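To convert, count from 1 in the sequence shown and add 849; that's my numbering.
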Amino acid sequence: MFSPDKKIQKLAVVLLMAVSFSSFICNKSPENNPTDKNLSTTDSITVELKDTISFSFVGDIMMGSNHNGNDLPPNDGKDLYAGVSQYLESTDLTFGNLEGPLLDKGGTPKNCRPGSKCIAFRTPVRYAEYLKDAGFDGLAIANNHANDMGETGRKSTAKTLDENGIIYGGTYDYPYSFMKYDSLKIGFTAFAPNVNCLNLNDIDYAKKLVQKLKDSCDILIVSFHGGAEGGANRVPRRNETYLNENRGDVFKFARTMIDAGADIIYGHGPHVTRGMEVYKGKFIAYSLGNFCTYGKFSLAGEQGIAPLLQIYTDRKGNFLYGDIIPIKQIKRGFPVLDESSKVISTVQRLSKLDFPESKLNISDSGKLTVN
Ligand SMILES: [Zn+2]
């Protein structure tokens, strides 16, 4: 899984006793993969460990749907990430939000309320390879489309992501995952206010789960799909509703999860970008908007631009610095670099308005630093 363009960072040299041979050879692996044989516990070996870990985060991903007629990208989606894979691959680990099941045919389309505009997605399983090739390591499956094809869809999604070595979490049947990176145990989970998802609105439950997960990993990443839609780009510090649905108090949720042990939080759901803050040394992005949403999503105005967020932390998940890479979607859902950098000024403005107390600085070129 090494890529030659991974950033070379300052290395801390430590002497580890009884190190597992598999983690030395391949330092990036989902935890559920069988490990190779271990060296004898009496052996010693020098391993160079990084002192900085880098992460990329993006918001909604929906690569096209074959449900209710084919609406799939040209060239069967093979070029979807051609304009952005260099950025997604340039960090150690990369995460996003998978909006809809990976399933070729069948499934039980979700029940929709009578009279509501009901949209159900179904993305072919072969598209998971594009995610893997673009550099994705983890995906949230807690959102309003995770259950679009019922249990068949959820099972197929899990199996497909397993086969591609991508970790995931956020539903009651697949709540969280762990992976190993550079001798660190990375935990991942996700929440949403939707059916079958770990409930964003049950903050006590979420807090207990996050505490439990943090007890058994080094860096815990928490994703949430919440907040209103319809251009709702502010974080109101109270419960938000949309179409009579409780979309959560994302401010209370995010800060409570940091208090409980989460190290990085990335949100999405409003289809537009929201502000960012550093709270108790940990990074929170409240909405990363639409990243790669082919065909079925409006890409008008702020919905067609989004940050590709890159965060650098120490080995305890404390925020060190970061970058916003400005992205726009072209041709109904192909993410590319946005030369106008518009989303950077959007994040600057919203972060200042909503988190005036935060020590996070955002430069005009998208550099993220703390005072
Ligand atoms: Zn959604």
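A virtual CB, placed ideally from N, CA and C, is assigned to each residue, including glycine.
Just so you know, these numbers come straight off a predicted model, no measurement behind them.
- Message: On the CB-based measure, 16 or more other CB atoms within 10 Å of its CB, does Lys-1131 come out buried or exposed?
- Response: Along the sequence shown, one-based indexing puts residue 1131 at 282. Counting Cβ neighbours within 10 Å, Lys-1131 comes out buried, since at least 16 surround it.
- Message: Going by C-alpha to C-alpha distance, which of Gln-1178, Leu-1062, His-916, Asn-993 sits closest to Gly-932?
- Response: As a position in the sequence shown, residue 932 is number 83, starting the count at 1. Answer by Cα proximity: Gln-1178.
- What's the C-alpha gap between Ser-939 and Glu-1012? For the purposes of this step, residue 939 is taken as the residue at position 90 of the sequence shown. For the purposes of this step, residue 1012 is taken as the residue at position 163 of the sequence shown. If I take the Cα positions, the gap works out to 23 Å.
- Item | Closer than 5 Å to ligand 1: residues, by C-beta to nearest heavy atom, in chain order | Asn-992, Asn-993
- Item | Ile-902 (DSSP reduced to helix, strand or coil) | Here residue 902 is taken as the residue at index 53 of the sequence shown, counted from 1. In this structure, Ile-902 counts as strand in the three-state DSSP scheme.
- Thr-1218 (DSSP reduced to helix, strand or coil): Here residue 1218 refers to the residue found at position 369 of the sequence shown. Of the three classes helix, strand and coil, the one that applies to Thr-1218 here is strand, per DSSP.
- By a C-beta neighbour count over all protein chains shown, 10 Å radius and 16 as the cutoff for buried, is Glu-1000 buried or exposed? Position 151 of the sequence shown, counting from 1, holds the residue named residue 1000. Classification of Glu-1000: exposed, given that the 10 Å Cβ count is below 16.
- Message: Are there any heavy atoms of ligand 2 lying less than 8 Å away from the beta-carbon of Gly-1171, as far as the coordinates show?
- Response: Among the ligands in the structure shown, ligand 2 does not appear; only ligand 1 can be found there.
- Query: Tell me which same chain residues have a C-beta within less than 7 Å of the C-beta of Ser-1005, skipping the five on either side of it?
  - Reply: As a position in the sequence shown, residue 1005 is number 156, starting the count at 1. Around Ser-1005: Pro-950, Leu-951, Leu-952, Val-974.
- Query: Is Thr-957 helix, strand or coil by DSSP?
  - Reply: As a working mapping, residue 957 is identified with position 108 in the sequence shown. Three-state DSSP puts Thr-957 in coil, outside helix and strand.
- Query: By how many angstroms is the C-alpha of Ile-1114 removed from the C-alpha of Phe-1100?
  - Reply: Translated into positions along the sequence shown, residue 1100 becomes position 251. Translated into positions along the sequence shown, residue 1114 becomes position 265. Straight-line Cα distance between these residues: approximately 11 Å.
- Message: Check whether the segment 1151-1166 and the segment 913-922 are in contact - that is, three or more C-beta pairs closer than 8 Å.
- Response: no
- For Met-1106, does the three-state DSSP call read helix, strand or coil? Within the sequence shown, the letter at position 257 stands for residue 1106. Looking at Met-1106 - three-state DSSP - the assignment turns out to be helix.
- Outcome for Glu-1206 when other beta-carbon atoms lying within 10 angstroms are tallied against a minimum of 16: By 1-based counting over the sequence shown, the position of residue 1206 is 357. Glu-1206 should be labelled exposed.
- Which full runs of the beta strand (DSSP E) of 3+ residues lie inside the segment 964-1018, going along the chain? 987-989, 1016-1018
- Rounded C-alpha distance that separates Ser-1190 from Ile-1176: The count along the sequence shown starts at 1 and reaches residue 1190 at position 341. The count along the sequence shown starts at 1 and reaches residue 1176 at position 327. Cα to Cα, Ser-1190 sits roughly 8 Å from Ile-1176.
- What do you reckon, are the CB atoms on Arg-904 and Ile-1160 nearer than 9 Å? In the sequence shown, residue 904 corresponds to position 55, counting from 1. In the sequence shown, residue 1160 corresponds to position 311, counting from 1. Checking the displayed sequence, the identity of residue 904 turns out to be Phe instead of Arg. Cβ distance < 9 Å, so Phe-904 and Ile-1160 count as in contact.
- Item | Among Arg-1003, Glu-1089, Ala-969, Gly-1171, nearest to Gly-1079 - alpha-carbon criterion | Numbered from 1 along the sequence shown, position 230 holds the residue referred to as residue 1079. Looking at the Cα atoms, Glu-1089 is the closest of the given residues.
- How many Å lie between Gly-1153 and Ser-1147 at the Cα? For the purposes of this step, residue 1153 is identified with residue 304 of the sequence shown, where counting begins at 1. For the purposes of this step, residue 1147 is identified with residue 298 of the sequence shown, where counting begins at 1. Distance between the alpha carbons of Gly-1153 and Ser-1147 is about 8 Å.
- Task: Give the straight-line distance between the Cα atoms of Ala-1041 and Leu-947, rounded to the nearest whole angstrom.
- Result: The residue you call residue 1041 lines up with position 192 of the sequence shown. The residue you call residue 947 lines up with position 98 of the sequence shown. Distance between the alpha carbons of Ala-1041 and Leu-947 is about 13 Å.
- Message: Measuring straight from C-alpha to C-alpha, what distance separates Ile-894 and Ser-878?
- Response: Position 45 of the sequence shown, counted from the start, is the residue given in the question as residue 894. Position 29 of the sequence shown, counted from the start, is the residue given in the question as residue 878. Between Ile-894 and Ser-878, the C-alpha separation is close to 20 Å.
- Own chain residues within Cβ distance below 7 Å of Tyr-1025, not counting five before or after: Locating residue 1025 in the sequence shown gives position 176, counting from the first residue. Same-chain partners within the cutoff: Gly-1018, Gly-1036, Phe-1037, Thr-1038, Leu-1062.
- Item | Contacting residues, own chain, Cβ-Cβ under 8 Å from Leu-937 (five flanking each side not counted) | Counting from 1 along the sequence shown, the entry for residue 937 is found at position 88. Answer for Leu-937: Ser-905, Val-907, Tyr-930, Thr-943, Ala-983, Gly-984, Phe-985, Leu-1157, listed in chain order.
- Message: In whole angstroms, give me the CA-to-CA distance for Ser-1194 and Lys-954.
- Response: What you label residue 1194 is simply residue 345 of the sequence shown in a count that begins at 1. What you label residue 954 is simply residue 105 of the sequence shown in a count that begins at 1. Taking the straight line from one Cα to the other gives about 42 Å.
- Item | Ala-1055 versus Asp-1098, Glu-1094, Met-1028, residue with shortest Cα-Cα distance | For the purposes of this step, residue 1055 is identified with residue 206 of the sequence shown, where counting begins at 1. Of Asp-1098, Glu-1094, Met-1028, the residue nearest in Cα terms is Asp-1098.
- Query: Hey, which unbroken runs of the alpha helix (DSSP H) at 4 residues or more fall wholly within the segment 1034-1082?
  - Reply: 1052-1064
- Contact set for Pro-883: own chain, Cβ-Cβ below 6 Å, skip 5 residues either direction: Working through the sequence shown from its first residue, we reach residue 883 at position 34. With a pLDDT of 40 at Pro-883, under the threshold of 50, the modelled position of this residue cannot be trusted; read the value that follows with caution. The answer is none, since no qualifying residue turns up.
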